[in-house]
Amino acid sequence: MPYVDGFVVAVPKKKLKAYAQLSKKAGKVWREYGALDYREWVADDVKPGKWTSFPQSVKLKAGETVVFAWITYKSRAQRDRINAKVMADPRLASMGKGDVPFDAKRMIYGGFASLVKV
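First residue of the sequence shown: 1, per UniProt numbering; consecutive thereafter.
Okay, here's the thing in structure tokens:
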């Protein structure tokens, strides 16, 4: 059954180009290890809500934008195998060392099982 990892992150607008470069590199690594798809999208129409919203979810600050992303896998088991390989890959070693163009503490992420397919 298909499986998806989803992410929402705040990225400083002045670092969006650096973020995109890192994302392209990461996406190639995930795809190389077997992910079916890797997509990242920058906010175009995400206004703060009254109770909740994408900007509120990542505690968006002035000068930042929201990025929404997902990685698709054949199954949860495949996702677990691929993510283990990705996390050990030296090409992405800087991602865990604070040398990233976003605040990882405000990243929201998780794995999702398929519910509806039309």
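From the three backbone atoms N, C-alpha and C, an ideal C-beta is built for every residue, glycine too.
For Phe112, no alpha helix (DSSP H) segment is defined; the enclosing uninterrupted segment is the beta strand (DSSP E) at Ile108 to Ala113. Non-local beta-carbon contacts of Leu22 in its own chain, meaning distances under 7 Å to residues more than five positions away in sequence, involve Val100 and Pro101 in chain order. When only Cα atoms are considered, Tyr3 and Ile82 end up about 12 Å apart.
The beta carbon of Gly27 sits closer than 7 Å to the beta carbons of Tyr38 from its chain, once the five residues preceding and following it are set aside; these are given in chain order.
Judged by beta-carbon spacing, Gly111 lies beyond the 9 Å limit of Gly34, meaning their Cβ atoms are not closer than that value. Burial check for Trp51: the Cβ neighbour count within 10 Å stays below 16, so the residue is exposed. In the DSSP assignment, Ile71 forms a beta bridge with Asp5 and Tyr38. DSSP places Asp80 in the uninterrupted alpha helix (DSSP H) bounded by Arg76 to Ala88. Distance from the CA atom of Pro55 to the CA atom of Leu92, rounded to whole angstroms, is 27 Å. Per DSSP, the continuous alpha helix (DSSP H) segment holding Ser57 begins and ends at Phe54 to Ser57.
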